[in-house]
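A short write-up of the structure that comes next.
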Amino acid sequence: MDRYQYLLLMGACAAGTLPLEWAFRARVYRRPLRLLRALSLPFVVFVLWDAAAIARENWSFSPRYTTGWLALFDVPVEELVFFVVIPICALLSYESVKWLRERRGGVN
Amino acid sequence: MPEYTVAAFAAAALVVVVDLRVWRTGLFRSPVYWTAIGICLFFMVLVNGWLTKLSAPIVLYDPDQKTPWRFPFDIPIEDYAFGFALLHWVLARWVRFAEK
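In structure tokens:
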């Protein structure tokens, strides 16, 4: 199971923030087109940055805690998941806080 | 110059400058934004702390390409700049692409 550690951590982040979609009316997953637009360019740029950093050996990934599945440019699949899941967590937080403040009649 | 240090802080500075000059999202004046960033920071410390803990690291860094500073739980300080650049950029796009 060790090799799925990074992937499971990302799964926990996605699962842990998922209730925000309904509990605080975040409506992030329910606006898929806007979500896709928000994520797309940062995803491409950060994956390229990751690829360059891996090629230049600025950082590397533990073979013990990753699956070893590589995407383009030797970027681990876990990293691709990271650049989707983590920004979604941030958007869910932002929209949840926004909904809570609006409900209380506050300004954003 | 350590490459990761330079790249991470340059990226963070770039999103701030581009937002202030070009996108003008107003996020930096928004209490909602800062509250969300605070929440993200808290959870980032937990997740990033797990990824970079020196006792069983998932991500390993070339010590020559970063500063020796790690805080807390062995988190490289560069990771905060990297994370901020990623999250601010995505949040800025999310706000800019709101349905009118």
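Note that the protein sequences, when read in sequence, are chains G and P. Per my numbering, the first sequence starts with residue 83, numbered consecutively. Per my numbering, the second sequence starts with residue 4, numbered consecutively. Just so it is clear, CB atoms sit at the ideal spot from N, CA and C, and this is done for glycine as well. Since this is a predicted model, take the numbers as computed values, not measurements.
Item, Value
"Can you pull the chain P neighbours of G/E139, defined as C-beta to C-beta under 9 Å?", "D65 and Q68"
"For a test of the three-state rule: what should DSSP assign to G/P101, helix, strand or coil?", "coil"
"Of all the residues that make up the region 174-186 of chain G, which are near chain P by a beta-carbon distance shorter than 7 Å?", "S175, Y176, V179, K180 and R183"
"Distance check for G/I168 and P/I42, CA to CA, integer angstroms please.", "13 Å"
"Which same chain residues, not among the five before or five after P/P79, have their C-beta less than 8 Å away from its C-beta?", "Y7, T55, Y64, K69, T70, W72 and R73"
"Near G/W151, which residues of its chain fall below 6 Å by C-beta distance, leaving aside the five closest residues on each side in sequence?", "V159"
"Assuming G/M92 and G/F164 form a contact by the criterion Cβ under 8 Å, report the distance between their Cβ atoms to the nearest whole angstrom.", "6 Å"
"Okay, do the region 93-101 of chain P and the region 25-37 of chain P touch, 3+ Cβ pairs below 8 Å being the bar?", "yes"
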